[in-house]
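Step one of this worksheet: look at the structure below.
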Amino acid sequence: MLYDLSRADARVKWLVTCLLLTFALAYGFGGWMVALYAGFGPKQVAATYAPSQMSMAMPPESTVVVEHPMTMSQFAEAAPHQVDTALLVQDTHVHVPMYGVIAACLSVVVLGLRMSRRAALGTISLLFAAPWLDFLGMWLTKFLAPGFAWLTIVGGWAMAAGLVIVTVMALWQMWLMKERTVS
Amino acid sequence: MTTISRAAAVSAVAALLHITPTVVLVDRPDAVAQLLPGADKFFAREVHLADADAHKLHEAVDWSPVDGVLTFYSGRRGTTLIGLLEFVRVDTPHGPVEVSVSFDTLGTIRGVIVTKATVETKPWVLEALRAGLCSHYRGLTPTATPAATAASAALRGSVGELPLYMAQEVDKGVARALAAYRLFAQRR
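Protein chains in written order, with the numbering used here: chain A, 1 to 183; chain B, 1001 to 1188.
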């Protein structure tokens, strides 16, 4: 432990508390947005990132035209939100640095928690590996197989686990744990 | 504690997807009704582009459609063709914008409607639309150059920088629709 959050000045404790609650709030609204625009199951994740069924695995040798009738109501059917390669490049570019900053902030909190060296290393690894898995899943879903949507879900839950572990431990150790007197 | 942990876990799963939230400005059926007036039968013609054709389109307007598929929607009244319609997505750094462009039977633009924007870009798009952006596209033909489609130029000075920027993105959508129409609309 490089420093001890449980013994830190109240101002530092308050700063860490506000930071963790802000992250939780941001993630909460993120969850709402996911519910609005996609979903939480592997099928919905695959529908968001995998190429649409309309597309062919390889471009045809000569241009192919397919025509079919449509009803007005079919125009109204909500097409699943789809993230194509260009948008995924943009999303990766925008989100990965921010996830790195969030993981770094949470890792600094971990450094001040009372936990074994091994547990701290594991938690820090989890904090950084989760977004890697998340985005790896999206890219593999797009270019290898829709089944990799699971990887994105695992990555998302791993991020959830990381935030929960750090938040619960930090709040507990900062505000609720009774100090043992050391003679 | 269990409840707190569960709530935090559910909220933190937010991170599992990364979505630029879109906002529907005009429902597609409403746009279809306005852009293909009187049509009572509709057909979707999907053009799956071969490499050479995809390259041709890319050369023309620096654009490749999603999954290499262009979709033209035609509207008919009985057996009479009313026109064709395309929904073109333009990806901007602030999220995608969807531009709906319809053509009459002579191949000139009948109308343009911005059907989707994003939470962030909606006010900028609306300001550009209020300034009359879409009226400038009417009557353009598929042979119009991308410079000729730059209706945003007419808005310079009358709207702010960001609405002007979004107008330029709508220009791109119209230029793409024109190029796609010129190159592939008649392809059988």
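C-beta: ideal position from N, C-alpha, C; glycine also.
Looking at residue j and residue i, is the spacing between their C-beta atoms short of 8 Å?
{"i": "LEU19 of chain A", "j": "CYS105 of chain A", "result": "yes"}
{"i": "ALA1185 of chain B", "j": "LEU1084 of chain B", "result": "yes"}
{"i": "TYR3 of chain A", "j": "LEU111 of chain A", "result": "yes"}
{"i": "ALA1131 of chain B", "j": "SER1158 of chain B", "result": "yes"}
{"i": "LYS1122 of chain B", "j": "VAL1023 of chain B", "result": "yes"}
{"i": "ARG1187 of chain B", "j": "VAL65 of chain A", "result": "yes"}
{"i": "ALA47 of chain A", "j": "PRO1029 of chain B", "result": "no"}
{"i": "LEU88 of chain A", "j": "MET138 of chain A", "result": "yes"}
{"i": "ILE1109 of chain B", "j": "ARG1138 of chain B", "result": "yes"}
{"i": "LEU5 of chain A", "j": "LEU113 of chain A", "result": "yes"}
{"i": "THR1115 of chain B", "j": "PHE1087 of chain B", "result": "yes"}
{"i": "ALA8 of chain A", "j": "THR167 of chain A", "result": "no"}
{"i": "GLY1078 of chain B", "j": "LEU1049 of chain B", "result": "no"}
{"i": "THR152 of chain A", "j": "THR141 of chain A", "result": "yes"}
{"i": "VAL1097 of chain B", "j": "ALA1117 of chain B", "result": "yes"}
{"i": "ALA149 of chain A", "j": "PRO42 of chain A", "result": "yes"}
{"i": "TRP1119 of chain B", "j": "GLY1173 of chain B", "result": "Going by the sequence as given, residue 1119 of chain B is Val instead of Trp. No, they are not a contact pair."}
{"i": "VAL1047 of chain B", "j": "LEU1081 of chain B", "result": "no"}
Closer than 7 Å to a non-hydrogen atom of the ligand ATP - does that hold for the CB of residue i?
{"i": "VAL1047 of chain B", "result": "No copy of the ligand ATP occurs in the structure displayed, which carries no ligand at all."}
According to DSSP, simplified to helix, strand and coil, what is residue i?
{"i": "HIS93 of chain A", "result": "helix"}
{"i": "SER1064 of chain B", "result": "coil"}
{"i": "ASP1051 of chain B", "result": "helix"}
{"i": "MET33 of chain A", "result": "helix"}
{"i": "ALA1094 of chain B", "result": "Correcting the residue type first, residue 1094 of chain B is His in the shown sequence and not Ala. HIS1094 of chain B: coil per DSSP, three-state reduction."}
{"i": "LEU1085 of chain B", "result": "strand"}
{"i": "GLY1173 of chain B", "result": "helix"}
{"i": "PRO69 of chain A", "result": "strand"}
{"i": "ILE1004 of chain B", "result": "Because the pLDDT of ILE1004 of chain B is 44, which lies under 50, any placement of that residue in the model is unreliable, and the number read from its coordinates should be weighed accordingly. Note: ILE1004 of chain B maps to helix in three-state DSSP."}
{"i": "GLU1120 of chain B", "result": "coil"}
{"i": "GLY41 of chain A", "result": "coil"}
{"i": "GLY1075 of chain B", "result": "strand"}
{"i": "GLU1161 of chain B", "result": "helix"}
{"i": "LYS1056 of chain B", "result": "helix"}
{"i": "THR17 of chain A", "result": "helix"}
{"i": "PHE1184 of chain B", "result": "helix"}
{"i": "GLY1203 of chain B", "result": "As displayed, chain B neither begins before 1001 nor continues past 1188, which places residue 1203 of chain B out of reach and without an answer."}
{"i": "GLY1132 of chain B", "result": "coil"}
{"i": "SER1102 of chain B", "result": "strand"}
Run through chain A and tell me which residues come within less than 9 Å of residue i, C-beta to C-beta.
{"i": "LEU1049 of chain B", "result": "PRO59, PRO60, THR63, VAL64"}
{"i": "ARG1045 of chain B", "result": "VAL65, VAL66, GLU67, HIS68"}
{"i": "ARG1187 of chain B", "result": "THR63, VAL65"}
{"i": "VAL1032 of chain B", "result": "MET72, PHE75"}
{"i": "ALA1054 of chain B", "result": "PRO59, THR63"}
Given that residue i touches chain C, what residues does it touch there, using C-beta distances under 8 Å?
{"i": "PRO51 of chain A", "result": "Protein chains in the displayed structure are A and B, and chain C is not among them."}
Whose Cβ in chain A lies nearer than 7 Å to the Cβ of residue i?
{"i": "ARG1176 of chain B", "result": "The contacting residues do not exist; ARG1176 of chain B stays about 13 Å from chain A at best."}
What does residue i reach in chain B if we use C-beta pairs closer than 8 Å?
{"i": "MET169 of chain A", "result": "In chain order: nothing, as chain B lies at least about 11 Å away."}
Mind pulling the chain A residues with CB within less than 8 Å of residue i?
{"i": "PRO1029 of chain B", "result": "MET72, SER73, PHE75, ALA76"}
Name the chain B residues that come within less than 7 Å of residue i, Cβ to Cβ?
{"i": "ASP84 of chain A", "result": "VAL1066"}
Review point. Which residues, in order along the region 1063-1081 of chain B, keep a beta-carbon less than 8 Å from a beta-carbon of chain A?
Key: When C-beta distances to chain A are compared with 8 Å, the residues of the region 1063-1081 of chain B below that value are VAL1066, ASP1067, GLY1068, VAL1069, TYR1073, in chain order.
Review point. At a Cβ cut of 9 Å, what residues of the region 1085-1114 of chain B count as close to chain A, listed as they run along the chain?
Key: Of all residues in the region 1085-1114 of chain B, those with a C-beta nearer than 9 Å to a C-beta of chain A are ARG1089, ASP1091, PRO1093, GLY1095, PRO1096, reading in chain order.
Exercise for review: Compile a chain-ordered list of the residues in the region 1160-1184 of chain B whose CB is closer than 8 Å to at least one CB of chain A.
Suggested key: If the cut-off is 8 Å between Cβ atoms, the region 1160-1184 of chain B has PHE1184 near chain A.
Review point. What alpha helix (DSSP H) runs, 4 residues minimum, are completely inside the region 116-161 of chain A?
Key: Correct list: 117-143.
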